[in-house]
Amino acid sequence: MKIYVAGHRGMVGGAIMRQLEARIAAGDAIDTLTRTHSELDLTNQQAVADFMGTEKPDVVILAAAKVGGIIANSTYPAEFIYENMMMECNVVHQAYLAGVKRLLFLGSSCIYPKMADQPMREDALLTGVLEPTNEPYAIAKIAGIKLCESYNRQYGVDYRSVMPTNLYGPGDNFHPQNSHVVPAMIRRFHEAVQNDTPEVVIWGTGKPFREFLHVDDMAKASLFVMDLDGDTYSANTKDMLSHINVGTGLDVSIGDLAHLVAEVTGFGGKISFDTSKPDGTPRKLMDVSRLKDMGWVAKINLKDGLKDAYQWYLGNLDTLRR
372 MKIYVAGHRG MVGGAIMRQL EARIAAGDAI DTLTRTHSEL DLTNQQAVAD
422 FMGTEKPDVV ILAAAKVGGI IANSTYPAEF IYENMMMECN VVHQAYLAGV
472 KRLLFLGSSC IYPKMADQPM REDALLTGVL EPTNEPYAIA KIAGIKLCES
522 YNRQYGVDYR SVMPTNLYGP GDNFHPQNSH VVPAMIRRFH EAVQNDTPEV
572 VIWGTGKPFR EFLHVDDMAK ASLFVMDLDG DTYSANTKDM LSHINVGTGL
622 DVSIGDLAHL VAEVTGFGGK ISFDTSKPDG TPRKLMDVSR LKDMGWVAKI
672 NLKDGLKDAY QWYLGNLDTL RR
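This is the structure:
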């Protein structure tokens with residue numbers, strides 16, 4: 372089986388590659404197919420058409436995306452909606468033309484309305500207003516879901532979608548301004564330890580709750596969904612509600628997360644909260660009952676996952692500083 376992983380150098384794509392390589396080492400008859408951005412620009416329709424027509428993969432995993440934090444989403448909204456939609460349209464359509472019957476699209480929990488009921492169920496999609504700061508990115512991801520559903524309905528292919536909660540782990544973005552909450556905290560607490568800084572200040576009150584999933588669990592869940600037989604998948608989804616939430620089903624307050632990261636990094640100083648800064652949405656938790664009913668649950672608890680992410684950060688400090 373030839374499996375093309377689009378976005379294999381990203382955090383999620385890299386984790387999926389590790390899982391596939393483990394399967395190959397165990398004797399599975401799999402050939403992985405990858406291309407870097409310089410080798411294949413997924414926003415270039417002709418380039419993707421040539422690639423798919425030549426390679427003709429059996430399975431496509433679409434983990435490639437333009438991603439970023441609040442600042443990046445606010446600064447480059449046109450790039451976020453254009454590049455993500457172009458990648459999705461090109462990969463999905465050219466996969467269909469090349470005869471690919473099975474495709475897995477990776478989305479994001481930001482597809483759900485800002486004020487969606489908690490925990491967020493799959494049927495909350497398109498029921499309310501999106502979070503304004505990342506609306507262009509969310510619209511692109513919603514379009515990806517509907518693209519897969521439409522090709523399934525019209526052409527009888529089997530294109531599936533998984534929507535992860537907040538991810539962290541090896542390969543994460545630890546940029547001082549553009550990273551998400553877990554890598555941002557890991558870096559700040561680590562640097563506080565190195566510099567003997569007595570206090571770390573966290574934005575907001577620390578009261579909002581967030582859910583976090585280790586990227587290796589996400590990779591395992593992705594392959595689990597990809598491997599499901601058609602009857603099992605169809606029995607748990609619908610033609611126009613085919614995406615599946617992936618998460619732990621558990622959340623933690625930002626304040627408790629900060630204390631966990633402090634423990635993992637060895638920070639023993641004071642943790643304070645700047646209540647003049649915004650908190651954001653009070654709670655974002657995924658309803659993962661559909662995936663659980665299919666037979667998959669997350670295995671990596673938050674503390675162990677944070678230790679793993681911190682060890683990866685320490686092992687890649689030289690690269691991350693460049």
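Per the numbering used here, the very first residue in the sequence shown carries number 372; after that it's consecutive.
Note that the Cβ used here is the ideal one computed from N, Cα and C, for glycine as well.
If you're wondering where the values come from, they're calculated on a predicted model, not measured in any experiment.
Give the single residue among the options whose Cα lies nearest to the Cα of residue i.
{"i": "residue 529", "options": "520, 591 and 505", "result": "520"}
{"i": "residue 575", "options": "489, 401, 619 and 625", "result": "625"}
{"i": "residue 620", "options": "588, 596 and 639", "result": "588"}
{"i": "residue 475", "options": "499, 678, 377 and 648", "result": "377"}
{"i": "residue 506", "options": "492, 481 and 526", "result": "481"}
{"i": "residue 485", "options": "440, 653, 689 and 687", "result": "653"}
{"i": "residue 493", "options": "483, 467 and 399", "result": "483"}
{"i": "residue 629", "options": "571, 595, 672 and 609", "result": "571"}
{"i": "residue 350", "options": "384, 441, 396 and 458", "result": "With the chain covering 372 to 693 only, the question about residue 350 has no answer from this structure."}
{"i": "residue 609", "options": "531, 386, 427 and 488", "result": "531"}
{"i": "residue 568", "options": "623, 379 and 633", "result": "633"}
{"i": "residue 428", "options": "545, 605, 410 and 463", "result": "463"}
{"i": "residue 513", "options": "413, 452, 689 and 384", "result": "452"}
{"i": "residue 489", "options": "386, 622, 509 and 413", "result": "622"}
{"i": "residue 526", "options": "509, 543, 471 and 546", "result": "471"}
{"i": "residue 439", "options": "545, 558, 597 and 685", "result": "545"}
{"i": "residue 414", "options": "441, 681 and 465", "result": "465"}
{"i": "residue 478", "options": "467, 432 and 441", "result": "432"}
{"i": "residue 434", "options": "594, 503, 397 and 636", "result": "594"}
{"i": "residue 411", "options": "591, 379, 467 and 515", "result": "379"}
{"i": "residue 672", "options": "558, 631, 542 and 422", "result": "631"}
{"i": "residue 388", "options": "444, 636 and 591", "result": "591"}
{"i": "residue 460", "options": "416, 510, 543 and 690", "result": "416"}
Would you mind reading off the limits of the alpha helix (DSSP H) that contains residue i?
{"i": "residue 372", "result": "It is not in any alpha helix (DSSP H) - residue 372 carries neither H nor E in the DSSP assignment."}
{"i": "residue 534", "result": "Residue 534 -> not in any alpha helix (DSSP H); beta strand (DSSP E) instead, spanning 529-535."}
{"i": "residue 516", "result": "506-526"}
{"i": "residue 395", "result": "382-396"}
{"i": "residue 451", "result": "448-468"}
{"i": "residue 419", "result": "416-426"}
{"i": "residue 604", "result": "601-606"}
How far does the beta strand (DSSP E) with residue i in it reach, from first residue to last?
{"i": "residue 498", "result": "Here residue 498 belongs to no beta strand (DSSP E), and DSSP marks it neither H nor E."}
{"i": "residue 403", "result": "402-404"}
{"i": "residue 476", "result": "473-477"}
{"i": "residue 432", "result": "430-433"}
Excluding five sequence neighbours on each side, which residues of the same chain lie with their C-beta closer than 8 Å to the C-beta of residue i?
{"i": "residue 618", "result": "480, 535, 536, 582, 584, 656, 657, 659 and 669"}
{"i": "residue 601", "result": "529"}
{"i": "residue 540", "result": "382, 386, 585, 586, 587, 676, 679, 680 and 683"}
Compare the C-beta of residue i with all C-beta atoms of chain B and state if any pair is closer than 8 Å.
{"i": "residue 579", "result": "Looking for chain B here will not work: only one protein chain is present."}
Within the same chain, show all residues whose beta-carbon is closer than 6 Å to that of residue i, passing over the 5 residues directly before and after it, in chain order.
{"i": "residue 648", "result": "574 and 575"}
{"i": "residue 436", "result": "455"}
{"i": "residue 644", "result": "573, 576 and 577"}
{"i": "residue 430", "result": "374 and 473"}
{"i": "residue 538", "result": "584, 586 and 589"}
Using C-beta distances below 7 Å, list every residue in its chain close to residue i, excluding the 5 sequence neighbours before and after it, in chain order.
{"i": "residue 401", "result": "372, 374, 391, 394 and 395"}
{"i": "residue 524", "result": "610"}
{"i": "residue 641", "result": "569 and 570"}
{"i": "residue 547", "result": "558"}
message = In chain order, what are the residue ranges of uninterrupted alpha helix (DSSP H) at least 4 long that sit wholly in the stretch 609-687?
response = 625-636, 660-665 and 673-686
task = Check whether the stretch 397-406 touches the stretch 432-450, counting contact only when three or more Cβ pairs, one atom from each stretch, lie closer than 8 Å.
result = no
The stretch 550-569 touching the stretch 492-500, judged by at least three CB pairs closer than 8 Å = No, because fewer than three Cβ pairs between the stretch 550-569 and the stretch 492-500 fall closer than 8 Å, the two stretches do not touch.
task = Take every Cβ of the stretch 601-614, pair it with every Cβ of the stretch 512-527, and state whether three or more of those distances are shorter than 8 Å.
result = The stretch 601-614, when compared against the stretch 512-527, does touch it at the 8 Å Cβ threshold.
message = What ranges does the beta strand (DSSP E) occupy inside the stretch 560-586, keeping only unbroken runs of at least 3 residues that lie completely in it?
response = 570-574 and 583-585
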